[in-house]
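Asker:
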Amino acid sequence: MNKTSLLVELFVEELPPKALKKLGEAFAGVLREQLVALGLAEAGSVLTPFASPRRLAAHLTHVAERAADKAVSQKLMPVAVGLDASGQPTPALLKRLAALGADASAVPGLKRAMDGKAEALFYESTAKGATLAEGLQKALAEAIAKLPIPKVMSYQLESGCELPGWTSVSFVRPAHGLVALHGEAVVPVEALGLQAGRETHGHRFEAAVDPVVLRNADSYALQLQDEGAVIASFEARRAEIARQLAAAAVQVGGGSVPIHDDALLDEVTALVERPNVLVCSFEREFLEVPQECLILTMKANQKYFPLLDASSRLTNRFLVVSNISPDDASAVIGGNERVVRPRLADAKFFFDQDRKKTLASRVASLGKVVYHNKLGTQGERVERVMRIARAIADKLGDANVARQAVQAAQLAKADLVTDMVGEFPELQGIMGRYYAQHDGLDAAVADAIEDHYKPRFAGDELPRNSVGLVVALADKLETLVGMFGIGNLPTGDRDPFALRRHALGTIRMLIEKNLSLDLDALLAEAAAQFQDIAGFDASKATVELQDFILDRLAGSLREQGASAQEVDAVLAPRPQRLGQVPKLLAAVRAFAVLPAAAALAAANKRIGNILKKAPEADAHVSELLLQEPAEKALHAAMAQVVPAANAQFDAGDYTASLQTLAALREPVDAFFDGVMVNAEQADLRLNRLGLLMSLHAAMNRVAQLERLAV
257 MNKTSLLVEL FVEELPPKAL KKLGEAFAGV LREQLVALGL AEAGSVLTPF ASPRRLAAHL
317 THVAERAADK AVSQKLMPVA VGLDASGQPT PALLKRLAAL GADASAVPGL KRAMDGKAEA
377 LFYESTAKGA TLAEGLQKAL AEAIAKLPIP KVMSYQLESG CELPGWTSVS FVRPAHGLVA
437 LHGEAVVPVE ALGLQAGRET HGHRFEAAVD PVVLRNADSY ALQLQDEGAV IASFEARRAE
497 IARQLAAAAV QVGGGSVPIH DDALLDEVTA LVERPNVLVC SFEREFLEVP QECLILTMKA
557 NQKYFPLLDA SSRLTNRFLV VSNISPDDAS AVIGGNERVV RPRLADAKFF FDQDRKKTLA
617 SRVASLGKVV YHNKLGTQGE RVERVMRIAR AIADKLGDAN VARQAVQAAQ LAKADLVTDM
677 VGEFPELQGI MGRYYAQHDG LDAAVADAIE DHYKPRFAGD ELPRNSVGLV VALADKLETL
737 VGMFGIGNLP TGDRDPFALR RHALGTIRML IEKNLSLDLD ALLAEAAAQF QDIAGFDASK
797 ATVELQDFIL DRLAGSLREQ GASAQEVDAV LAPRPQRLGQ VPKLLAAVRA FAVLPAAAAL
857 AAANKRIGNI LKKAPEADAH VSELLLQEPA EKALHAAMAQ VVPAANAQFD AGDYTASLQT
917 LAALREPVDA FFDGVMVNAE QADLRLNRLG LLMSLHAAMN RVAQLERLAV
């Protein structure tokens, strides 16, 4: 059977750049998945996806002209239904066979086999394997249907349909060509009103020939590059852009490097078919504007790559990825420089205008900005954050930090009503810091204004000083408590107020900075600021929110390599000082590898089950009522081990505390082997329960060890 490469291409109008990479991967991936499922491609067939602004394509090796035939066994009906008492076929059986294209002559060949409790009849036949034309038609339809299209558009077909100009199809962009080659042969399939052929088109302006007539499936990428001036592979084009950017930066000199931005690189890769990187510049006077503003406008509005010097400071040079390569590029360079200049001038104007007013003078305007229809204005929100920040700083015991934190909290949102942030919302906090510096505020306050949004994303750095840490924590707690209190919770993939991110940020600050703050006290303090909000549910804002935060913490710890049992053991007691959690987890992990760990965890679980059924028990133990040698031995061992373990726990050495408790394994095992806990004599029973209660409390100070039991 002939097995050769297959090439499928959809030639379309310019595709949405931010979706191109996913569209290309999805189109190729579904094609391969379907062809393998139909037996037309091997499991080891190599898939190469292609995606450029005007094409989606896939190249797949080892594709057969026809799939192998398959033996098919179909259950017909129970023997008792299909055959009468004399063994002759019933009308029901003959009707079923007729539906399968067989007649009474097939009855002797029917297979009998048990199906559950009854014997059934099975019809065995051979199913012809699908042809490539049949299979590819199905796979192509599936690939198009499953494309993650951000927004579908409808358009009319002009030819090749029943009603030209009236027949509509829907796709991400109008499609103008379809290629399907198996080796050198065209596979007769159709899609979106197009018949498959071997012709495609290259670069709009620089193709050497048009159309590009493909010789075979394997020549696709090379022919497009040589004849069509197109690098069809998204990854190859991306790598070429990165190479040219680096080379252009070296050409500029002075240790210059292009700004690193994977999202921008992906987007630009989706905008060009054959990249040509050019060096442009702008007037140095614009460098007086904060570089974040200039970088943002160049990246977001123009898709340029700003150049940074060896000190990571913005230079007045930037790189443009052009889609054309003229002999004289001066017109392209000049055009891009003219385009960027008004953008930079706007940024400079906003910056100059904003500095004419202090941040403090803008705070009153926040009272006119709605934060949430149930939670009031940004001005009211600022007041809440200020009070929470003061409470946190007071708990930390630093009066200077408390004073500066309140000031930073008051000014942290003021830049929301500046012209610059109004134009570029991504700069909130960043511009606040620059304006605070211009107003002559303390550096700690200025830094805190920017840092109170941190961490903005996974892996982001934490606030750089204690003032910023307090304000960031207060801001996130205000958001979490407020949203939970009004029932505005994240559901599934929806989290419009980024509550999961705020919870993880809170966790990181409490843990990584090892803050001596109790989580329940923090939530209660924050909830107290919402007393006047109608419909605010304090229970949701504290109890349910604490569950939410601990759940996020559990997920984070598991991602860092801890087992589910270890995490469960540490978090089951609901630790309030999250800064201690890493040490608690380390202690549990060290304990779990000890020889005594499994037995003690199992014993702890057993003790817990016993105590659940004995609500009358207390931790009192009378030595006079200790009768059995095993219970006397356990009591004596506990008298030596537990005080030492408790001292280590109180000193914060949780690992040593658990390892000390491991010495109780033998006396605990002996106790359960030799002592009847539920003795008939009430005083003996209560005394033994008291002994177990004392043991259970001592063993579970660090974590609930019973959670480690398999």
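Counting from 257, one number per residue, gives the positions in the sequence shown under the working numbering.
Note that beta-carbon positions come from the ideal geometry of N, C-alpha and C, so glycine has one too.
Taking 8 Å as the threshold (C-beta atoms), are phenylalanine 283 and glycine 433 in contact?
Answerer: In this structure, phenylalanine 283 does not lie closer than 8 Å to glycine 433 by Cβ.
Asker: Under the three-state reduction of DSSP, which class applies to aspartate 371: helix, strand or coil?
Answerer: Aspartate 371: strand per DSSP, three-state reduction.
Asker: Near arginine 493, what residues of its chain come up, given a Cβ to Cβ distance below 6 Å and the 5 sequence neighbours on each side ignored?
Answerer: Hits under 6 Å: Ile487 and Thr525.
Asker: From what residue to what residue does the beta strand (DSSP E) around leucine 563 run?
Answerer: Here the beta strand (DSSP E) through leucine 563 covers 561-564.
Asker: When the Cβ atoms of the stretch 733-740 are set against those of the stretch 776-793, are three or more pairs found closer than 8 Å?
Answerer: With the cut-off at 8 Å, the stretch 733-740 and the stretch 776-793 touch.
Asker: Take the Cβ of asparagine 629 as the centre, count every other Cβ of all protein chains shown within 10 Å, and call the residue buried at 16 or more, exposed below.
Answerer: Under this definition asparagine 629 is an exposed residue.
Asker: Please give me, in chain order, every unbroken run of the alpha helix (DSSP H) with length at least 4 that falls completely inside the stretch 720-791.
Answerer: Runs found: 722-741, 755-768 and 775-783.
Asker: Could you name the residues that DSSP lists as bridge partners for asparagine 472?
Answerer: Partner(s): none; asparagine 472 has no beta bridge.
Asker: Just curious, the beta strand (DSSP E) that proline 273 is in, first and last residue?
Answerer: From DSSP, proline 273 is part of no beta strand (DSSP E); its letter is neither H nor E.
Asker: How long is the line joining the alpha carbons of valine 933 and alanine 376, rounded to whole angstroms?
Answerer: Each residue's Cα considered, the two are about 59 Å apart.
Asker: How far does the alpha helix (DSSP H) with valine 595 in it reach, from first residue to last?
Answerer: From DSSP, the alpha helix (DSSP H) with valine 595 extends over 586-610.
Asker: Can you tell me which of the three DSSP states histidine 438 falls into?
Answerer: Strand.
Asker: Can you list, in chain order, the residues of its chain whose CB lies under 7 Å from that of alanine 782, leaving out five sequence neighbours each side?
Answerer: Closer than 7 Å at Cβ, skipping near neighbours: Ile644, Leu733, Glu734 and Val737.
Asker: Candidates Val445, Asp793, Ala495 and Asp774: which alpha carbon is nearest arginine 530's?
Answerer: Of the candidates Val445, Asp793, Ala495 and Asp774, the one whose C-alpha sits nearest the C-alpha of arginine 530 is Ala495.
Asker: What do you reckon, are the CB atoms on threonine 571 and leucine 564 nearer than 8 Å?
Answerer: The answer is yes: Cβ separation under 8 Å.
Asker: Which value, in whole angstroms, describes the spacing of the CA atoms of leucine 920 and leucine 890?
Answerer: Distance between the alpha carbons of leucine 920 and leucine 890: 8 Å.
Asker: If you draw a straight line from the C-alpha of valine 264 to the C-alpha of lysine 394, how long is it?
Answerer: Going from the Cα of valine 264 to the Cα of lysine 394 covers about 13 Å.
Asker: On the premise that valine 727 lies in contact with alanine 664, defined as a C-beta separation below 8 Å, what is that separation, rounded to the nearest angstrom?
Answerer: Yes, alanine 664 and valine 727 are in contact; Cβ-Cβ is about 5 Å, under 8 Å.
Asker: Specify, as a first and last residue, the run of the alpha helix (DSSP H) that serine 950 falls within.
Answerer: Unbroken alpha helix (DSSP H) run through serine 950: 938-955.
Asker: Are aspartate 602 and threonine 674 closer than 8 Å when you measure CB to CB?
Answerer: Cβ atoms of aspartate 602 and threonine 674: not closer than 8 Å.
Asker: Since histidine 315 sits in a beta bridge, which residues does DSSP pair it with?
Answerer: Paired residue(s): Leu263 and Thr304.
Asker: Let's see if you can read the secondary structure: which residues bound the beta strand (DSSP E) around tyrosine 627?
Answerer: Its beta strand (DSSP E) spans residues 626-628.
Asker: In whole angstroms, what is the alpha-carbon distance linking glycine 788 and isoleucine 742?
Answerer: Strictly speaking, residue 788 in this sequence is aspartate, with glycine absent from that position. Looking at the two C-alpha atoms, the distance is approximately 12 Å.
Asker: What does the Cβ neighbour count give for arginine 830, buried or exposed, with the cut at 16 atoms within 10 Å?
Answerer: Classification of arginine 830: exposed, given that the 10 Å Cβ count is below 16.
Asker: Which residue marks the beginning of the alpha helix (DSSP H) containing methionine 676, and which one marks its end?
Answerer: Per DSSP, methionine 676 belongs to the alpha helix (DSSP H) from 675-679.
Asker: Suppose the cutoff is 8 Å on Cβ atoms and the five residues either side in sequence are ignored; what does the same chain contact list for alanine 585 look like?
Answerer: Hits under 8 Å: Asn532, Leu534 and Ser578.
Asker: Applying the 10 Å Cβ sphere with the 16-neighbour rule, what's the burial state of serine 489?
Answerer: Classification for serine 489: buried.
Asker: Which residue or residues does DSSP assign as beta-bridge partners of methionine 409?
Answerer: Methionine 409 is bridged to Phe427.
Asker: Where DSSP assigns a beta bridge to valine 513, which residues make up the other side?
Answerer: Looking at the DSSP assignment, valine 513 forms a beta bridge with Leu564.
Asker: Assess, as a yes-or-no matter, whether the stretch 790-799 is touched by the stretch 930-947 under the definition of 3 or more beta carbon pairs within less than 8 Å.
Answerer: At 8 Å Cβ cutoff, the stretches do not touch.
Asker: So, under 8 Å CB-CB, aspartate 707 and tyrosine 691 are touching, yes? Tell me the CB distance rounded to an integer number of Å.
Answerer: The Cβ separation is near 15 Å, so there is no contact.
Asker: If we cut at 8 Å on Cβ distances, does valine 468 have a partner in chain C?
Answerer: Of the protein chains in this structure there is only one, and it is not chain C.
Asker: If you measure between the beta carbons of glycine 453 and glutamate 483, is that distance less than 8 Å?
Answerer: The answer is no: Cβ separation not under 8 Å.
Asker: Would you call the stretch 382-392 and the stretch 294-306 touching, i.e. three or more CB-CB distances under 8 Å?
Answerer: With a cut-off of 8 Å, the stretch 294-306 and the stretch 382-392 count as touching, because enough Cβ pairs lie within range.
Asker: Tell me where the alpha helix (DSSP H) around arginine 573 begins and ends.
Answerer: Per DSSP, arginine 573 belongs to no alpha helix (DSSP H); it is in the beta strand (DSSP E), 570-578.
Asker: Starting from the Cα of phenylalanine 843, find the closest Cα among Ala959, Gln479, Leu948 and Gln883 and give me that residue.
Answerer: Checking the sequence, you will find alanine at residue 843 rather than phenylalanine. It is Ala959 whose Cα lies nearest to the Cα of alanine 843.
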